[in-house]
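Residue numbers (the working numbering): 2 to 145.
All C-beta atoms in this analysis are idealised placements derived from N, C-alpha and C, irrespective of residue type, glycine included.
The structure presented is a predicted model; accordingly, all values stated were derived computationally and were not measured.
Notes to accompany the following structure.
Laid out in structure tokens, this is it:
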């Protein structure tokens, strides 16, 4: 019994450390989705980047953050399918915060698998609006 408890303790420490690490990343939204795209976990960076508290989004579909135009085109589902089928999705597009404000998001979606079985997805989103606007200004200046 003592041996079993002592072998579990390092796992608990690792789990706690991982939670602390993810929760303290404030400029990236890091969250888990189930296999259908529903939100399962939410870090502090998510609250800062997207403006939603965890209680408001857990269980909701990830399409909540996409523009109505992208929702109609099936962009959220296509991104998840690409991640599932190709091992990773990397993209950039307009997303919507809790207050309705649009922002440019850089995103990475990776499947979470165990023994080859898809358990869900991890999604990392960063607000890249300032970089996007600077690139647009530079392109406009080069054309002028």
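Alpha helix (DSSP H) containing residue i: first to last residue?
| i | result |
| --- | --- |
| residue 130 | 130 to 144 |
| residue 55 | 55 to 58 |
| residue 47 | 45 to 51 |
Just to confirm the assignment, what range does the beta strand (DSSP E) spanning residue i have?
| i | result |
| --- | --- |
| residue 65 | No beta strand (DSSP E) holds residue 65; DSSP gives it neither H nor E. |
| residue 31 | 30 to 34 |
Kindly indicate which residue of the options has the alpha-carbon position closest to the one of residue i.
| i | options | result |
| --- | --- | --- |
| residue 104 | 91, 57, 33, 134 | 134 |
| residue 30 | 53, 126, 142, 59 | 126 |
| residue 119 | 89, 59, 107, 140 | 89 |
On the three-state DSSP scale, how would you describe residue i?
| i | result |
| --- | --- |
| residue 39 | strand |
Which parts of the stretch 70 to 125 are runs of the alpha helix (DSSP H), unbroken and 4 residues or longer, counting only runs that do not cross its ends?
76 to 87
Evaluate the contact criterion for the stretch 53 to 72 versus the stretch 87 to 105: three or more CB pairs, one atom per stretch, below 8 Å.
yes
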